[in-house]
Structure formats: C-alpha cells, structure tokens
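Asker: First residue of the sequence shown: 0, per numbering that gives the first Met the number 0; consecutive thereafter.
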Amino acid sequence: MRKSLKKLVPLTGLLLVATATIMWGCREDVFVEPPPSLIGEYQGIYTFQLRDGLTVVESKVQGINWVFTTSTYRMRWDTTVVQAGVSIERQFCDVDGFYELVSGVELEVDDPNVTQVVCTEGDNPSGFFTLIQQGDSVRLVQELLNETTGITTVRRLAIVPIP
0 MRKSLKKLVP LTGLLLVATA TIMWGCREDV FVEPPPSLIG EYQGIYTFQL
50 RDGLTVVESK VQGINWVFTT STYRMRWDTT VVQAGVSIER QFCDVDGFYE
100 LVSGVELEVD DPNVTQVVCT EGDNPSGFFT LIQQGDSVRL VQELLNETTG
150 ITTVRRLAIV PIP
C-alpha cells in the first residue's frame with residue numbers, strides 16, 4: 000500500500016500542475032476586437048484605373064451611393080456627387096452583391112448589372128479590398144497586378160455615411 004501511495008503522490012501533483020496550466024492558458028479576460036461594422040448608407044466615389052507602372056492607361060471616376068446591410072452591398076450611380084474629376088456620365092454598372100469582413104472586405108458580385116445599362120461588368124468592385132476607416136469615412140482599396148501584361152488594376156471606393 001505504501002508503494003502505491005508513493006507513486007500516486009507525484010502523479011497527483013503532476014495532474015494539479017497540468018490543470019492549473021490549462022486553466023491559466025484559457026483566461027476569460029482575453030478579448031479580440033471584432034471588425035468594425037459597415038452597416039449603413041453611404042455616398043462617395045468609385046475609381047477604376049489601369050496602370051502600366053506609374054503611367055495611368057485608363058481612369059474612370061463616378062459618384063456612387065453605397066449600402067451595406069448585414070451581409071449584402073449595393074452600388075448605384077449618383078449624379079449628385081460633385082467633386083473635381085468625377086464624371087457626370089455613367090461609368091459603371093449598378094451592382095448588388097454579398098460581402099464579408101475578414102482582414103479587409105471580401106466583395107462577391109451577385110447581380111453585375113441590376114439596371115441593365117451598357118457598362119463593363121469587369122470594372123465592378125469585386126474580390127478582396129483593404130479596409131481603411133478614419134472617423135466616419137470608409138475607403139476600400141484593391142490593387143491587382145497582371146503578371147503577364149504588367150498592368151495593375153486599381154479599384155478604390157471612398158465613401159462617407161449619408162446623414
């Protein structure tokens with residue numbers, strides 16, 4: 000019986016140390032901040048550029064209304080946005096899609112041309128965008144290099160909430 004107790008005491012101590020380590024490692028006060036909410040109605044500009052190195056090959060800028068719900072987004076042409084360099088003519092399709100907040104924003108197009116106008120669907124915002132939030136303003140930026148052609152596609156959304 001004494002030999003069994005001598006073996007049991009070190010084993011019990013080891014179990015206590017292991018339990019304490021696990022409990023300390025699973026602290027409840029560690030909090031990971033969730034990504035900021037984007038839900039709301041916004042107004043701003045959408046810019047699409049093709050660049051060959053530093054040279055801009057093509058550039059389009061249009062005023063937009065943008066809406067984020069819990070999981071969807073909507074982009075519509077907005078003729079009321081007046082800023083230097085913003086086209087009054089329609090440059091882009093009206094788009095509906097889904098989004099997910101990850102380490103940025105992932106946009107997935109559901110309807111690439113809601114209003115069935117003449118537009119280039121490939122210019123639509125889609126894919127992964129870097130998210131930059133400063134105060135109320137939201138910027139989404141995407142740069143994609145085509146290694147075959149050397150052309151970089153740059154998409155930028157600069158939007159602010161509609162009061």
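Backbone N, C-alpha and C define an ideal beta-carbon position, used for all residues, glycine too.
For clarity, every value in this text was computed on a predicted model and none was experimentally measured.
In chain order, what residues of the same chain lie with their CB nearer than 8 angstroms to the CB of L98, ignoring the 5 residues before and after it?
Answerer: Counted from its first residue, the sequence shown places residue 98 at position 99. According to the sequence displayed, residue 98 carries Tyr and not Leu. Contacts found: L37, F67, S70, T71, Y72, V104, E105, L106 and E107.
Asker: Judging by CA-CA distance, which residue of G84, E88, A83 and Q82 is the nearest neighbour of R75?
Answerer: In the sequence shown, counting from the first residue as 1, residue 75 sits at position 76. The option with the nearest alpha carbon to R75 is E88.
Asker: Does the region 137–156 come close enough to the region 111–119 to have 3 or more Cβ pairs within less than 8 angstroms?
Answerer: Segments in contact, no.
Asker: Taking the alpha carbon of C92 as the reference point, which residue from G84, L130, V81 and P124 has its own alpha carbon closest?
Answerer: If you number the sequence shown from 1, residue 92 lands on position 93. It is P124 whose Cα lies nearest to the Cα of C92.
Asker: What does DSSP give as the partner residues of R155 in its beta bridges?
Answerer: Position 156 of the sequence shown, counted from the start, is the residue given in the question as residue 155. Paired residue(s): T46 and V140.
Asker: Find out if the Cβ-Cβ distance for the pair G39, P162 is shorter than 7 angstroms.
Answerer: Along the sequence shown, read from residue 1 onward, the residue named residue 39 stands at position 40. Along the sequence shown, read from residue 1 onward, the residue named residue 162 stands at position 163. Contact: no.
Asker: Please report the distance separating the alpha-carbon of I158 from that of Q133.
Answerer: Here residue 158 refers to the residue found at position 159 when the sequence shown is read from its first residue. Here residue 133 refers to the residue found at position 134 when the sequence shown is read from its first residue. So the two alpha carbons sit approximately 11 angstroms from each other.
Asker: Is V56 closer than 7 angstroms to L49 when the C-beta atoms are compared?
Answerer: Stepping through the sequence shown from its first residue, residue 49 is reached at position 50. Stepping through the sequence shown from its first residue, residue 56 is reached at position 57. A contact, by the Cβ cut-off of 7 angstroms.
Asker: Would L139 and F128 be called neighbours here (beta carbons separated by less than 7 angstroms)?
Answerer: What you label residue 139 is simply residue 140 of the sequence shown in a count that begins at 1. What you label residue 128 is simply residue 129 of the sequence shown in a count that begins at 1. Yes. Within cutoff.
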